[in-house]
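Trainee: For reference, the structure I am asking about is given below.
Number of protein chains: 2
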Amino acid sequence: MEKIVSDIIHTLKQILPSHRPIPLHEPFFYGNEKKYIIDCIDSRFVSSIGNYVTEFENRISEFTGSAFAVATSNGTSALHAALITAGVQPGDEVLMPALTFIATANAAVYCGAVPHFIDSCPKTIGIDIEKLETYLETATHIKNNTLINNSTGRPVRAIIPVHIFGMPVDMNRLQDLCQKFRLTIIEDAAESIGSFCGTRHTGTFGSCGTLSFNGNKTITTGGGGAVLCKDEDTAHRLKHLTTTARCTKARWEYFHDRTGFNYRMPNINAALGCAQLEQLPQFLTKKRELAARYAKAFDSVKGVHMLKEPEYGKSNFWLNTLILDKPDRKLLEDILETTNSMGIQTRPVWALMNTLPMYRKCPSMPLECAWKLENSIINIPSSINLLD
Amino acid sequence: MEKIVSDIIHTLKQILPSHRPIPLHEPFFYGNEKKYIIDCIDSRFVSSIGNYVTEFENRISEFTGSAFAVATSNGTSALHAALITAGVQPGDEVLMPALTFIATANAAVYCGAVPHFIDSCPKTIGIDIEKLETYLETATHIKNNTLINNSTGRPVRAIIPVHIFGMPVDMNRLQDLCQKFRLTIIEDAAESIGSFCGTRHTGTFGSCGTLSFNGNKTITTGGGGAVLCKDEDTAHRLKHLTTTARCTKARWEYFHDRTGFNYRMPNINAALGCAQLEQLPQFLTKKRELAARYAKAFDSVKGVHMLKEPEYGKSNFWLNTLILDKPDRKLLEDILETTNSMGIQTRPVWALMNTLPMYRKCPSMPLECAWKLENSIINIPSSINLLD
Numbered sequence: 001m002e003k004i005v006s007d008i009i010h011t012l013k014q015i016l017p018s019h020r021p022i023p024l025h026e027p028f029f030y031g032n033e034k035k036y037i038i039d040c041i042d043s044r045f046v047s048s049i050g051n052y053v054t055e056f057e058n059r060i061s062e063f064t065g066s067a068f069a070v071a072t073s074n075g076t077s078a079l080h081a082a083l084i085t086a087g088v089q090p091g092d093e094v095l096m097p098a099l100t101f102i103a104t105a106n107a108a109v110y111c112g113a114v115p116h117f118i119d120s121c122p123k124t125i126g127i128d129i130e131k132l133e134t135y136l137e138t139a140t141h142i143k144n145n146t147l148i149n150n151s152t153g154r155p156v157r158a159i160i161p162v163h164i165f166g167m168p169v170d171m172n173r174l175q176d177l178c179q180k181f182r183l184t185i186i187e188d189a190a191e192s193i194g195s196f197c198g199t200r201h202t203g204t205f206g207s208c209g210t211l212s213f214n215g216n217k218t219i220t221t222g223g224g225g226a227v228l229c230k231d232e233d234t235a236h237r238l239k240h241l242t243t244t245a246r247c248t249k250a251r252w253e254y255f256h257d258r259t260g261f262n263y264r265m266p267n268i269n270a271a272l273g274c275a276q277l278e279q280l281p282q283f284l285t286k287k288r289e290l291a292a293r294y295a296k297a298f299d300s301v302k303g304v305h306m307l308k309e310p311e312y313g314k315s316n317f318w319l320n321t322l323i324l325d326k327p328d329r330k331l332l333e334d335i336l337e338t339t340n341s342m343g344i345q346t347r348p349v350w351a352l353m354n355t356l357p358m359y360r361k362c363p364s365m366p367l368e369c370a371w372k373l374e375n376s377i378i379n380i381p382s383s384i385n386l387l388d
Numbered sequence: 001m002e003k004i005v006s007d008i009i010h011t012l013k014q015i016l017p018s019h020r021p022i023p024l025h026e027p028f029f030y031g032n033e034k035k036y037i038i039d040c041i042d043s044r045f046v047s048s049i050g051n052y053v054t055e056f057e058n059r060i061s062e063f064t065g066s067a068f069a070v071a072t073s074n075g076t077s078a079l080h081a082a083l084i085t086a087g088v089q090p091g092d093e094v095l096m097p098a099l100t101f102i103a104t105a106n107a108a109v110y111c112g113a114v115p116h117f118i119d120s121c122p123k124t125i126g127i128d129i130e131k132l133e134t135y136l137e138t139a140t141h142i143k144n145n146t147l148i149n150n151s152t153g154r155p156v157r158a159i160i161p162v163h164i165f166g167m168p169v170d171m172n173r174l175q176d177l178c179q180k181f182r183l184t185i186i187e188d189a190a191e192s193i194g195s196f197c198g199t200r201h202t203g204t205f206g207s208c209g210t211l212s213f214n215g216n217k218t219i220t221t222g223g224g225g226a227v228l229c230k231d232e233d234t235a236h237r238l239k240h241l242t243t244t245a246r247c248t249k250a251r252w253e254y255f256h257d258r259t260g261f262n263y264r265m266p267n268i269n270a271a272l273g274c275a276q277l278e279q280l281p282q283f284l285t286k287k288r289e290l291a292a293r294y295a296k297a298f299d300s301v302k303g304v305h306m307l308k309e310p311e312y313g314k315s316n317f318w319l320n321t322l323i324l325d326k327p328d329r330k331l332l333e334d335i336l337e338t339t340n341s342m343g344i345q346t347r348p349v350w351a352l353m354n355t356l357p358m359y360r361k362c363p364s365m366p367l368e369c370a371w372k373l374e375n376s377i378i379n380i381p382s383s384i385n386l387l388d
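Residue numbers (this note's numbering), protein chains in the order written: chain W, 1 to 388; chain X, 1 to 388.
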């Protein structure tokens, strides 16, 4: 075994409890989960009607400081609805990192738009704003107040920054760039509930921002998501679009004024979410403690470093991220194989979007850093109970 | 008040309990709902991993006699996944009744296909198979084994029969027609769990069939659906498509081979579904009893009749349906207004799909009967507890 592998194992063992297996990320239900769900069953409001959905939306607004929040069936549907509502049209290009979960690219494609891939920043693993600016200056031009891709002639309508593993992108800086290039921002904050740029929550900078409450996230509704937005009109449009676009002119009339979607969050899932949100501050404290322990312990391990919080913001440390100093696929696979075989669940980052068969031909800037990160990143166990 | 209105009120009052309001359709949780959901919370498997999803799929297969069932986030996503899997392509036309819930048309549009509307049968309120045959003989031709619309030149790839309010379409007869015209059948059985043609469950005749478990349906998972299919390969493709098309070549690799969807049913919703399925036979018995009571009571009311089960099959009587002998919008509105204002929830049928702004220009056969039904149908309270 290479020394670096044994050093990593040794360090993980120092921090992690002795039981095996240790999953990458588990949900915990210490609060009112059962109470609220039993209330749903007793009241028989388990589906599209019921108070928990509205309550959940209000609490999400309150926690994030977003003016409005609209609950959805999951993070992917949230992103799809956000893109449509922000004005993404068939034939548009949508800028996004090559290094992201598949939902980011899929949501653009559901709109009939084309993903256009951006390189990663080595420090934050999010989009590299500086490189992006240089790239856009040569690869695009502005015509009639719209950014146009010089090669394809298509409008480059929007950009989706992704706060990967909870690590915030520098949104203030990105906003300046987007103003210059006439880009609409839709923030993919699926992984970053509890992450901030300054004192402002991720997902509240863009025209819309989206959250996910899948079972592997910091808090869960079983399956669920939400769109954050700034004004009542947008919130209404999002709610309308995600509830089959049914018009409410008459109590009993079934009239729909556009092709909408069934992207509702059921009341029973929202009930779970309300209970989870109550515990979010504690969960975030525990995640921060674990990240600090990892950072300290891995500080002395040669050849590898922990992804660190940027000076401009706060991470929720959803998934702790170990990075090889030098990209090395074989070494990465060795580490994954060794840790997983001993019951410590670790995983690599996603395959770059531009390597997937259906997105191979999408426009892209050069992706040097993303390629390096793909062969350097290992996520290590990050559940909130690991220091208990 | 017109005599017919007072007769209807009088008859409803005879059958319905005296408390108000009486909703159109309520879910009931008499069984293991709390037990199974608490088990989810205790095991912490509430999301995409967990045994209840597989168990729910197995029990759906068993109940319907379908070889395979794949659980989804709702009936709309089930239909979308079924259409893609059955081979519907962008630019295809998909035949469907003009008289249906919006999801039928939307699902086709999500595929990039064009709805093509069919008239209704006055007896079953489903598609009129006889009229359809006459229409297809003049409006289409077969070329290279594909049905082509003579006017638009587009392939007419598939047909979606809808078992409206649980009333089964004559699937044996439809299968003969579809063989003749090279049409793939995808059954929208969203409303018809427990409805049969002969001894065969609705949704098991087509290439795929879809179910819904929304809160207003005979049994509910909060929000949920399922696709029924005949062979393992189709079931695998449906599961793959509805779970982001992630490939499972390696344990930890994130590789996706097509643009998939996040259409999973969370484990906690499947747990609810398992408990509900256990009670489905009782629910169906109670619904049948209520329908029989309504049929007998309305038999003597002039100017109106109950929608009756066809001789070739069995309805689940999801929503009991009163039909005016002569279409009359004003009278219909009077009846709706009077019943709803006294706390007896009734509703009209959906606006015809071809009257909605986004589907106005879709191809259509003449819709005489659908127009009549739109101005004749009143759904009346149909919950399973009404005779208790």
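Note that beta-carbon positions come from the ideal geometry of N, C-alpha and C, so glycine has one too.
1) Please determine, among 292(X), 325(X), 290(X) and 84(X), the residue with the shortest C-alpha to C-alpha distance to residue 305(X).
2) Mind checking which residues open and close the beta strand (DSSP E) that includes residue 157(X)?
3) Quick one: Cα of residue 291(W) to Cα of residue 213(W), how far?
4) So which residues on chain W does residue 321(X) lean against when the C-beta distance must stay under 9 Å?
5) Identify the contact partners of residue 77(X) in chain W, using a Cβ-Cβ distance below 8 Å as the criterion.
6) Counting only beta-carbon atoms, is residue 44(X) nearer than 8 Å to chain W?
7) Buried or exposed, going by whether 16 or more other CB atoms sit within 10 Å of the CB of residue 20(W)?
8) With a CB to CB cut of under 8 Å and the five nearest residues on each side skipped, what residues in its chain are close to residue 336(W)?
9) Counting pairs of beta carbons, one from the segment 80-90 of chain W and one from the segment 99-114 of chain W, are three or more of them closer than 8 Å?
10) In chain order, what residues of the same chain lie with their CB nearer than 7 Å to the CB of residue 385(X), ignoring the 5 residues before and after it?
11) Considering residue 96(X), what are the terminal residues of the beta strand (DSSP E) in which it resides?
12) Can you name the start and end residues of the beta strand (DSSP E) that residue 385(X) belongs to?
13) In chain W, which residues lie less than 9 Å from residue 100(X) when you measure between Cβ atoms?
14) For the segment 273-281 of chain W against the segment 234-245 of chain W, are there 3 or more C-beta pairs whose distance is under 8 Å?
15) Using a Cβ cut-off of 9 Å, pull out every chain X residue sitting near residue 416(W), in sequence order please.
16) How big is the Cα-Cα spacing for residue 161(W) and residue 169(W)?
17) Opposite residue 187(W) in the DSSP bridges: which residues?
18) With a threshold of 8 Å between beta-carbons, can residue 70(W) be considered close to chain X, or not?
19) Mind pulling the chain W residues with CB within less than 8 Å of residue 39(X)?
20) Does residue 357(W) come within less than 8 Å of chain X when only Cβ atoms are used?
21) Closer than 6 Å by C-beta to residue 67(X): which residues in its own chain qualify, once you throw out the five before and the five after it? Chain order, please.
22) Which whole-angstrom value is the C-beta distance of residue 271(W) and residue 52(W), which I expect to be below 8 Å?
23) Between the segment 84-103 of chain W and the segment 172-189 of chain W, do at least 3 Cβ pairs fall closer than 8 Å?
24) Using beta carbons (cut-off 8 Å, strictly below), is residue 251(W) in contact with chain X?
25) Exposed or buried, which one is residue 59(W) when buried takes at least 16 other CB atoms within 10 Å?
26) Going along the chain, which residues of the segment 19-32 of chain X sit with their C-beta nearer than 8 Å to a C-beta in chain W?
27) Check whether the Cβ of residue 259(X) lies closer than 8 Å to any Cβ atom in chain W.
28) Of all Cβ atoms in chain W, is any one closer than 8 Å to the Cβ of residue 332(X)?
29) Under a CB-based cut-off of 8 Å, is residue 351(X) close to chain W?
30) Of all the CB atoms in chain W, is at least one closer than 8 Å to the CB of residue 329(X)?
31) Compile a chain-ordered list of the residues in the segment 184-204 of chain W whose CB is closer than 7 Å to at least one CB of chain X.
32) Kindly indicate which residue of 367(X), 167(X) and 363(X) has the alpha-carbon position closest to the one of residue 153(X).
33) Between which two residues does the alpha helix (DSSP H) holding residue 369(X) run?
34) Please list the terminal residues of the continuous alpha helix (DSSP H) segment that includes residue 324(W).
35) Closer than 8 Å, CB to CB, is residue 85(W) near chain X or not?
36) On the criterion of 16 or more Cβ atoms from any shown chain inside 10 Å, does residue 286(W) qualify as buried, or is it exposed?
Mentor: According to the structure data:
1) Taking the first residue of the second sequence as position 1, residue 305(X) is located at position 305. For the residues 292(X), 325(X), 290(X) and 84(X), the minimum Cα distance to residue 305(X) belongs to 325(X).
2) Taking the second sequence and counting its residues from 1, one reaches residue 157(X) at position 157. Element bounds for residue 157(X): 156-159.
3) Counted from its first residue, the first sequence places residue 291(W) at position 291. Counted from its first residue, the first sequence places residue 213(W) at position 213. Going by the C-alpha atoms only, they are around 21 Å apart.
4) In the second sequence, counting from the first residue as 1, residue 321(X) sits at position 321. Chain W residues near residue 321(X): none, gap ~14 Å exceeds 9 Å.
5) Residue mapping note: residue 77(X) aligns to position 77 of the second sequence, counting from 1. What residue 77(X) touches in chain W: 262.
6) Here the question's residue 44(X) lines up with position 44 in the second sequence. Yes, its Cβ sits closer than 8 Å to a Cβ of chain W.
7) As a first step, residue 20(W) must be located in the first sequence, where it is residue number 20. Residue 20(W) comes out exposed.
8) Taking the first sequence and counting its residues from 1, the one referred to as residue 336(W) is at position 336. Same-chain partners within the cutoff: 346, 347, 348 and 378.
9) yes
10) Looking up residue 385(X) in the second sequence gives position 385. Excluding sequence neighbours, residue 385(X) sits near 28.
11) Within the second sequence, the letter at position 96 stands for residue 96(X). From DSSP, the beta strand (DSSP E) with residue 96(X) extends over 93-97.
12) What you label residue 385(X) is simply residue 385 of the second sequence in a count that begins at 1. Per DSSP, residue 385(X) belongs to no beta strand (DSSP E) and is neither H nor E.
13) By one-based count along the second sequence, residue 100(X) stands at place 100. Going along chain W, no residue has its Cβ under 9 Å from residue 100(X), so there is no contact; the nearest lies around 10 Å.
14) no
15) Because residue 416(W) is not part of the residues shown, which for chain W are 1 to 388, the question remains open.
16) Reading the first sequence from its first residue, position 161 is the one you call residue 161(W). Reading the first sequence from its first residue, position 169 is the one you call residue 169(W). Answer to the nearest angstrom: the Cα atoms are 7 Å apart.
17) Counting from one through the first sequence, the residue named residue 187(W) turns up at place 187. Paired residues: 209(W).
18) Counting from one through the first sequence, the residue named residue 70(W) turns up at place 70. By this cut-off, residue 70(W) is not an interface position.
19) Start at 1 with the first residue of the second sequence, and residue 39(X) comes out as number 39. Those within 8 Å of residue 39(X) in chain W number zero; the least Cβ separation is about 11 Å.
20) Position 357 of the first sequence, counting from 1, holds the residue named residue 357(W). Yes, contact with chain X.
21) The count along the second sequence starts at 1 and reaches residue 67(X) at position 67. If we look at residue 67(X) and ignore the five residues flanking it on each side, its Cβ neighbours are 230.
22) If you number the first sequence from 1, residue 271(W) lands on position 271. If you number the first sequence from 1, residue 52(W) lands on position 52. So it is a contact: roughly 4 Å between Cβ atoms.
23) yes
24) Position 251 of the first sequence holds residue 251(W). Interface residue, yes.
25) Taking the first residue of the first sequence as 1, we reach residue 59(W) at position 59. That one is buried.
26) 26, 27, 28 and 29
27) Taking the first residue of the second sequence as 1, we reach residue 259(X) at position 259. Chain W contact via Cβ: present.
28) Position 332 of the second sequence, counting from 1, holds the residue named residue 332(X). It does not; no Cβ of chain W falls within 8 Å.
29) For the purposes of this step, residue 351(X) is taken as the residue at position 351 of the second sequence. Closer than 8 Å to some Cβ of chain W, the Cβ of residue 351(X) qualifies, so yes.
30) If you number the second sequence from 1, residue 329(X) lands on position 329. No, residue 329(X) lies away from the interface with chain W (no Cβ there is under 8 Å from its Cβ).
31) none
32) One-based indexing of the second sequence puts residue 153(X) at position 153. Answer by Cα proximity: 363(X).
33) As a first step, residue 369(X) is located in the second sequence; it is residue number 369 there, counting from the start. Where residue 369(X) is concerned, the enclosing alpha helix (DSSP H) stretches over 368-374.
34) The count along the first sequence starts at 1 and reaches residue 324(W) at position 324. From DSSP, residue 324(W) is part of no alpha helix (DSSP H) but of the beta strand (DSSP E) over 320-324.
35) Sequence index remark: in the first sequence, residue 85(W) carries index 85 (1-based). So no, residue 85(W) is outside the interface.
36) Along the first sequence, read from residue 1 onward, the residue named residue 286(W) stands at position 286. Residue 286(W) should be labelled buried.
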